[in-house]
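According to this note's numbering, the sequence shown is numbered sequentially starting from 677.
First comes the structure, then the notes that go with it.
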Amino acid sequence: MAADIAVSDPEPQAYRDIRAANDRYAAGFDKGDLALPPARRFAILTCMDARLDPAKYAGLSEGDAHVIRNAGGRASDDAIRSLVISHKLLGTEAFFVIHHTNCGMELFTDSVIGDLLADSLDTASFDGTVWSNPHHGGGSPAGYAIDWLTIPERSHAVTSDVRRIRAHPLVPSRIPIFGFVYDVATGRLNEIAAASEAGRPTPPLRLG
677 MAADIAVSDP
687 EPQAYRDIRA
697 ANDRYAAGFD
707 KGDLALPPAR
717 RFAILTCMDA
727 RLDPAKYAGL
737 SEGDAHVIRN
747 AGGRASDDAI
757 RSLVISHKLL
767 GTEAFFVIHH
777 TNCGMELFTD
787 SVIGDLLADS
797 LDTASFDGTV
807 WSNPHHGGGS
817 PAGYAIDWLT
827 IPERSHAVTS
837 DVRRIRAHPL
847 VPSRIPIFGF
857 VYDVATGRLN
867 EIAAASEAGR
877 PTPPLRLG
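Here it is as structure tokens:
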């Protein structure tokens, strides 16, 4: 007779919480007639950090704007793919790149995360200065092949991302791109002048 095998909970608490919350939300849902294009005709690229709520800091409701999120709010190839679709097929007319203070992407380098992943895939620990793996083994060197888009200096990173979007051949020069840093201690959006200047739209040439 086979020995009993302990099986982990197939439905973690997060799963149950989300299902219960969605049941409550769906019970009073009244937004089924929203249009596909965003009503306020802009897109935000921002960080996935749980302390950021774009709906609150930008005054959004369902259907208002596109919000694209990744680690750091970086202008990765996939983020630009979404921005191009946002404009070309859904009519957005302005882009906002919003990074934030105290971002985790400032706390490591490509080599640090590459080494951590090569050693173990389990969650690492951080003591305020150094990252380390509580457990070892079972890692993969695949992390060395990824550009993690870490942030050595946030103002420069915002400006760099705006410039990358601005220079992309599929982003029309007439679209304004603005750069901000959200302060997690105050809730305020602080504009990065160099970024917004780099994202200034270029008027079309008039011939004749």
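Note that beta-carbon positions come from the ideal geometry of N, C-alpha and C, so glycine has one too.
If the five residues before and after Thr878 are omitted, its C-beta is found closer than 6 Å to the C-beta atoms of Ser849, all from its own chain and listed in chain order.
In this structure, DSSP gives Thr835 a helical state, which the three-state scheme calls helix. Exposed is the label assigned to Asp729, since fewer than 16 other Cβ atoms lie within 10 Å of its Cβ. Where Gly790 is concerned, the enclosing alpha helix (DSSP H) starts and stops at Asp786 to Asp795. About 5 Å separates the Cβ atoms of Ser762 and His742, confirming a contact at the 8 Å cut-off. Residue burial is scored here from C-beta neighbours: Thr799 has fewer than 16 other C-beta atoms within 10 angstroms and is therefore classed as exposed. No alpha helix (DSSP H) of 4 residues or more sits fully in the stretch 690 to 730. For the pair Leu797 and Gly790, the Cα-to-Cα distance works out to about 11 Å. Under the three-state reduction of DSSP, Arg750 is assigned to coil, being neither helix nor strand.
Counting only the Cα atoms, Gly735 lies some 26 Å from Arg695. Taking a cut-off of 8 Å on C-beta distances, the stretch 737 to 757 touches the stretch 716 to 727, as three or more cross pairs fall below it. Judged by DSSP in its simplified three-state form, Gly855 adopts strand.
Residue environment: Arg750 is assigned as buried (16 or more neighbouring CB atoms within 10 Å of its CB, all protein chains considered). Residue burial is scored here from C-beta neighbours: Val806 has fewer than 16 other C-beta atoms within 10 angstroms and is therefore classed as exposed.
Here the stretch 800 to 819 makes no contact with the stretch 831 to 838; the two share fewer than three CB pairs at distances below 8 Å.
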